[in-house]
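Taken in sequence, the protein lines are chains A and B. Add 14 to the 1-based position in the first sequence for the numbering used here, that's all there is to it. Add 14 to the 1-based position in the second sequence for the numbering used here, that's all there is to it. Positions of the beta carbon are idealized from the N, C-alpha and C atoms, including for glycine.
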Amino acid sequence: MVEMEKQVLTPVNENKPQRATNFKWRNIFRGDNRALWTILALIIILLVDRMVSPTFFTVRMVNGRLTGSLINTLDGAAPIMLLSIGMTLVIATKGVDLSVGAVMAICAAVSAVLINRHEAGSDNILYYPGFVIAIAILVGALCGLWNGILVALFDIQPIIATLILMVAGRGIAQMITDGQSPTYTDETLAYMGQGTIFGMPFPVYVAAIALVVVYLLVRRTALGLLIESVGINAKASHYTGVNATVIKLFVYIISGICAAIAGLIVAGENTYADPHTAGLWSELDAIVAVVIGGTLLSGGRFSLVLSALGALIIQSLRIGLYISDLHPNANLVVKAIVILLVLLLQSKEFKQAVGRLFKPVLKLRAVFK
Amino acid sequence: MSTNEQPALLEVRGLTKTFTATPALSEVDFTLYPGEVHAVLGENGAGKSTLIKVITGVYKRDAGTIRLNGKLIEPRSPGHAQELGISAVYQEINLIPTLSVAENLYVGRQPRFLGMVSMQLMNKKARKLLKTFNIDIDVTRDLSSYSIAIQQIVAIVRGVDLSAKILILDEPTSSLDRHEVETLFSVIRSLEEHGIGILLITHFLDQVYEISDRITVLRNGRKVGEHLTKELPRAKLISEMLGREFTETLGKRSNQITNGDSKHDTFLDIKGFAKRGMIEPFDLEIKKGEIVGLAGLLGSGRTEMGHLVFGINRSEKGEAFVESKKVKISSPRKAIRYGFGLCPEDRKVEGLIADLTIRENIILALQAKLGWYRHIPYKRQEQYADEMIEALHIVTTDAEKPVRELSGGNQQKVILARWLVSNPELLILDEPTRGIDVGAHAEIINIIKRLAKEGKALMVISSELAEVVDYSDRVVVLRDRKKLTELTGDEISEDAIMQAIAEK
């Protein structure tokens with residue numbers, strides 16, 4: 015297990031390569047090993063899932079499509095993962111984007127309404143599937159721009175600024191669909207949610223590609239550094255000439271684009287857009303994924319890869335609860351408790367307290383040696 | 015009005031308070047008589063705010079006694095101190111802006127009529143109470159609709175009405191204009207007549223001489239003197255605050271670069287920059303290769319001048335020329351584009367990005383200047399960091415340490431390094447040597463001199479007079495947010511600076 019963790023750790027800790035090489039078991043209760051604890055939490059939850067359902071890790075090929083709980087987990091995690099990518103950048107600037115769920119609904123609605131016109135026989139090139147997808151993503155970017163303008167230019171607190179769109183967004187989506195939940199049959203759009211490549215669901219590729227693209231975008235340019243700098247100390251960054259306005263606009267736009275793609279996936283899965291339920295509460299899943307991934311809500315240092323793992327943790331937990339015999343009413347409570355445990359595992363203070371509890375045991379062991 | 019025959023209202027003896035090894039107050043005595051205004055003066059870190067926090071029970075003292083009317087007291091909290099009769103009014107007003115003036119005066123103790131809160135009765139009492147201080151305002155209006163001065167007066171009146179015997183005023187006039195100060199002072203004078211003892215903390219020397227009866231000077235946590243205001247010449251007060259004697263031998267200049275002559279080109283020329291409430295209009299010219307020192311007491315407008323030049327605060331009037339070209343300095347980003355850099359006074363809050371590594375902190379200004387898409391290659395970043403660590407003798411194991419783990423002096427060097435890497439033409443240094451150890455202190459001064467030799471323009475703000483005299487080619491003297499004068503070449507000495515500050 016140690017070997018495996020080391021391998022996973024290396025790409026994760028992009029800024030501190032020395033951590034992976036200096037890894038020591040006895041340091042587990044000390045210091046800041048967020049990456050390790052996040053991975054450990056994921057492994058434990060997957061193992062528990064395996065205990066609940068013996069076939070959890072079984073993957074079979076059915077009709078050219080990989081099936082099994084593990085694949086379902088990855089597939090289902092894709093939208094949360096997409097949201098958490100954007101959310102990570104937003105949170106790193108000391109912000110938060112509550113509107114992503116509503117933006118998903120808006121973009122799903124836009125795609126369904128436009129493609130319906132295509133299906134109704136319109137020749138307008140804008141209603142072709144490729145353009146519909148592009149337009150939906152553009153709408154997501156505009157939603158992000160709106161949030162960004164409120165936060166960066168008008169200096170409204172992010173939680174309030176994005177709450178506006180969170181509340182209004184579902185209303186906007188309903189206006190777009192005229193209060194309906196339009197269904198469609200277009201294969202290209204359905205492919206967004208249902209397609210497979212080499213048996214693997216398409217959304218998994220989308221999430222993975224988004225992760226790589228955004229990772230390269232922030233780490234191969236100076237964006238990542240500037241985002242962290244603004245999140246850690248906005249005043250000092252301002253005095254150093256960092257253009258916080260542009261940085262903030264950027265992160266909210268990325269978050270909007272991620273939400274748009276997540277919306278397209280969710281709509282594609284069902285081939286309809288429900289303005290009421292599409293992406294409902296998923297902003298909270300995304301925030302929790304980011305926090306589990308070790309990015310502090312107070313901004314600063316962030317890791318996209320760990321946030322993605324956080325999304326996986328949430329989804330494997332959800333699937334586990336789904337396949338377990340637990341009464342559905344208990345699901346939310348169990349979910350909350352597990353998330354609390356994961357966060358406690360990451361808390362330095364909690365680990366120190368646990369470490370103190372075990373001190374007498376360690377002393378005894380020393381005596382017997 | 016205050017005589018020593020009267021029994022003291024407040025007697026503080028041998029007060030000592032230590033935070034993590036360094037004493038903030040050691041064996042401080044302080045005596046306040048009824049009906050007097052007693053000013054406590056001192057520079058940053060002198061212990062003024064610690065003193066009032068101990069008296070009002072915010073901090074627990076380590077040693078010493080506090081007597082109120084001859085009786086030993088043990089204030090446990092600001093609330094407890096208030097019960098005992100000690101009220102404090104701070105710069106930030108602790109009232110509720112959306113309540114009316116009357117409600118603010120009586121919140122928590124509204125007058126009742128037949129068991130019900132009576133607005134009428136409350137408003138009547140409030141009007142009467144304010145009348146005793148010659149303040150006639152509509153007490154039913156929201157507090158926030160009044161000026162800061164009135165809000166402050168309401169806070170004071172509330173404090174006094176809560177049976178205060180002692181009133182502590184911490185920088186009450188710092189955001190008031192001249193007229194408002196007058197109003198406030200008239201209230202303070204009427205409080206004196208009521209026999210209330212007032213402890214005043216302020217940076218405005220003119221106001222100290224206008225209103226106070228007695229002055230206690232603190233420096234580095236010790237009491238250095240207690241005087242009747244009318245018997246203390248300004249020059250003596252300033253030398254006590256700064257800890258320097260007027261002597262001929264002190265203040266010899268070692269800096270002989272003296273580029274202050276006309277053959278050097280002007281880098282920055284500022285005409286009539288000003289901002290209301292911050293600094294009065296000033297002209298400032300800085301040549302390439304010249305070190306301009308800004309001297310003045312705390313709150314004299316030194317930092318504000320730096321902020322205006324760097325665009326942190328926008329000047330309301332005047333114009334600026336960089337190398338004879340007119341420029342608009344509307345933000346730090348703009349200033350940086352014109353080739354400015356600023357090492358701020360408060361390193362932790364305004365300078366460091368604490369969680370970033372030394373390397374990242376060092377390249378940040380350059381990277382911000384280049385923009386996000388022109389990423390400095392990692393190898394080049396390492397080079398910059400290593401070069402700077404070596405050149406400035408930054409003590410660290412490697413460049414990948416979070417900068418917050420460094421000592422104060424090394425942190426200061428990292429901020430200096432950040433600007434050196436971005437190669438500015440003008441560097442503004444605000445208190446570059448404060449709170450750092452002796453070794454780093456000397457090194458930073460050497461760096462300042464070296465930069466000037468390389469042809470950079472430097473503007474250095476410092477409360478260390480000896481230091482300013484040592485490296486400056488020209489010294490700008492400020493007092494009460496106003497540029498008083500400039501000293502050039504041989505005119506520069508500690509005495510001359512202190513005299514300039516003291517002059518009426």
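Task: Contact set for A/T199: own chain, Cβ-Cβ below 8 Å, skip 5 residues either direction - done: E133, T285
- [ ] If I'm right that B/G503 touches B/G303 with Cβ under 8 Å, what's the distance once you round it to whole angstroms?
- [x] The Cβ separation is near 15 Å, so there is no contact.
TODO: Starting from the C-beta of A/A303, find all residues in its chain whose C-beta is less than 7 Å away, skip the five residues before and the five after it, and write them out in chain order.
DONE: I94, S98, S321, G324, A325, I328
Open item on the list: Extract the residue ranges of the beta strand (DSSP E) inside the region 271-339 of chain B, only unbroken runs of 3 or more that lie entirely within it.
Closed with: 280-289, 293-301, 305-309, 331-336
Open item on the list: Just checking: is the beta-carbon of A/K38 within a distance shorter than 7 Å of some beta-carbon in chain B?
Closed with: For A/K38, the pLDDT reaches just 48, beneath the cut-off of 50, and the residue's location in the model is therefore unreliable, leaving the point undetermined.
Open item on the list: Contact defined as beta carbons within less than 8 Å: I believe B/I506 pairs with B/S486. What is the distance between those atoms, to the nearest angstrom?
Closed with: 6 Å
Open item on the list: In this structure, how does DSSP classify B/F354 when only helix, strand and coil are distinguished?
Closed with: In this structure, DSSP gives B/F354 an extended state, which the three-state scheme calls strand.
- [ ] Identify, in the order they occur along the chain, each residue of the same chain with its Cβ nearer than 7 Å to the Cβ of B/L498, setting aside the five sequence neighbours on each side.
- [x] V491, L492, A514
Task: Amino acids of chain B, ordered along the chain, whose beta-carbon sits closer than 8 Å to that of A/K249 - done: V363, E364
Open item on the list: Contact between the region 263-283 of chain A and the region 69-87 of chain A is defined here as three or more beta-carbon pairs at a separation below 8 Å; is this criterion met?
Closed with: no
Open item on the list: I need the boundaries of the alpha helix (DSSP H) containing A/V218, first residue and last residue.
Closed with: A/V218: member of the alpha helix (DSSP H) spanning 216-233, first to last residue.
- [ ] Say whether chain B places a C-beta atom closer than 7 Å to the C-beta of A/A236.
- [x] yes
- [ ] Please confirm whether B/A379 and A/T254 have their CB atoms less than 7 Å apart.
- [x] yes
Task: A/R203 vs A/G115 beta-carbon contact at 7 Å - done: Looking at the sequence itself, residue 203 of chain A is Leu, so the reference to Arg does not match. Cβ atoms of A/L203 and A/G115: not closer than 7 Å.
- [ ] Can you grab the Cα-Cα spacing for the pair B/I305 / B/E439, in whole Å?
- [x] Taking the CA atoms as reference points, B/I305 sits about 12 Å from B/E439.
- [ ] With a threshold of 16 other CB atoms inside 10 Å of the CB of A/V65, please say whether the residue is buried or exposed.
- [x] Per the sequence shown, residue 65 of chain A should be read as Met rather than Val. Exposed, since its Cβ has fewer than 16 Cβ neighbours within 10 Å.
TODO: Pair every Cβ in the region 73-81 of chain B with every Cβ in the region 331-341 of chain B, then say whether three or more of these pairs are closer than 8 Å.
DONE: no
Open item on the list: Let's see if you can read the secondary structure: which residues bound the beta strand (DSSP E) around A/T285?
Closed with: Unbroken run through A/T285: none, as it is neither H nor E.
TODO: Along the alpha helix (DSSP H) that carries A/R407, what are the first and last residues, could you check?
DONE: Because chain A here runs from 15 to 383, residue 407 of chain A falls outside it and cannot be looked at.
TODO: Mind listing the chain A neighbours of B/P111? Cutoff is C-beta to C-beta under 7 Å, in chain order.
DONE: Those within 7 Å of B/P111 in chain A number zero; the least Cβ separation is about 19 Å.
TODO: Report the neighbours of A/V226 on chain B: residues whose CB is nearer than 8 Å to its CB, in chain order.
DONE: Within chain B, not a single residue places a beta-carbon under 8 Å from that of A/V226; the smallest gap is close to 17 Å.
Open item on the list: Considering only the alpha carbon of each residue, which of A/Y336, A/A150, A/G193 lies closest to A/A276?
Closed with: A/A150
Open item on the list: So, at 7 Å on beta carbons, what are the nonlocal neighbours of B/Q124 in its own chain, with the 5 sequence-adjacent residues on each side left out?
Closed with: The beta carbon of B/Q124 is closer than 7 Å to those of V131, M136 in its chain, skipping five residues each way along the sequence.
TODO: Examine chain B for any beta-carbon lying closer than 7 Å to the beta-carbon of A/V256, and answer yes or no.
DONE: Chain B has a Cβ within less than 7 Å of the Cβ of A/V256.
Open item on the list: I'd like the span of the beta strand (DSSP E) that includes B/T32, first residue to last.
Closed with: 24-33
TODO: Helix, strand or coil for B/D43, going by three-state DSSP, please let me know.
DONE: strand
- [ ] Figure out for me which residue from A/G158, A/L167, A/D169 has the closest Cα to the Cα of A/M180.
- [x] A/G158
Open item on the list: Taking the beta carbon of A/S251 as the centre, do at least 16 other beta carbons fall within 10 Å, making it buried, or is it exposed?
Closed with: buried
- [ ] Answer with yes or no whether the minimum CB distance from A/S243 to chain B is below 7 Å.
- [x] It does: the Cβ of A/S243 has a partner Cβ on chain B nearer than 7 Å.
Task: chain B residues whose Cβ lies nearer than 7 Å to that of A/H132 - done: Those within 7 Å of A/H132 in chain B number zero; the least Cβ separation is about 37 Å.
Open item on the list: Looking at chain A, is there any beta carbon in it that lies within less than 7 Å of the beta carbon of B/H321?
Closed with: no
Open item on the list: Which of the three DSSP states is assigned to B/V474 in this structure?
Closed with: strand
Task: Residues of the region 344-359 of chain B whose Cβ lies closer than 7 Å to any Cβ of chain A, in chain order - done: Within the region 344-359 of chain B, the residues whose Cβ lies closer than 7 Å to some Cβ of chain A are P346, R347, I350, L356, P358, listed in chain order.
TODO: Would you list the one or two residues that DSSP bridges to A/R48?
DONE: In the DSSP output, where bridge partners are listed per residue, A/R48 has none listed.
Task: Residues bridged to B/L242 (per DSSP) - done: Looking at the DSSP assignment, B/L242 forms a beta bridge with B/R228.
Task: Proximal chain B residues relative to A/G314, where beta-carbon distance stays under 7 Å - done: Within chain B, the residues near A/G314 are D369.
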